[in-house]
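Q: Residue numbers (our numbering): 316 to 490.
Glycine included, each C-beta is placed from N, C-alpha and C at the ideal position.
It should be emphasised that the depicted structure is a prediction, and the values quoted were computed from it without experimental measurement.
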């Protein structure tokens, strides 16, 4: 991401996320985030909202489907991604410039809410799938990852969960 402007924005969704599909079948979810800084007014001695930033956002593929299913208008979110600038001419011939966020990560804010995360089984990026296969192969070859036969205890003669250095049961973790 060298040379790209990566930013993180905390704000509220202005409208419900809109899920669409490209002709090639790739999912894209678009939404807008409104972020307003809080500023202290010394004359009135109170906090006030500053100028609001309305930032159009796009998230792609599987994450787009997750965002459309999980998020809704009014929710406070944390969005991280690459800021893009695009220029165009409107119908009257006036040159306009807009900023958009190409989203890498999006999540609900837990500042004033709770969330329950549900892991989605199935597809993953090829790199993640390869890493999982390698990790599975490594654990099969790792003697520390396998238990001592017939005991249900870790190999190595002690120090694991449920057993002290003398091999007796201990109810507390080893840290």
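1) Taking the straight line between their C-alpha atoms, what separation do you get for residue 320 and residue 397?
2) Write down the C-beta distance between residue 342 and residue 380 rounded to the nearest angstrom, noting that I regard them as a contact closer than 8 Å.
3) For residue 415 and residue 359, what's the separation of their Cα atoms in angstroms?
4) Leaving out five residues before and five after residue 383 in sequence, what residues of the same chain have Cβ atoms less than 6 Å from its Cβ?
5) Residue 383 lies in the alpha helix (DSSP H); which residues open and close that run?
6) Could you tell me whether the Cβ atoms of residue 424 and residue 374 are closer together than 8 Å?
7) State the CB to CB distance for the pair residue 388 and residue 328, rounded to an integer number of angstroms; the pair is presumed to be in contact (CB under 8 Å).
8) What is the DSSP secondary structure of residue 373, reduced to helix, strand or coil?
A: Working from what's here:
1) 6 Å
2) 5 Å
3) 35 Å
4) 332, 334 and 344
5) 376 to 385
6) no
7) 5 Å
8) strand
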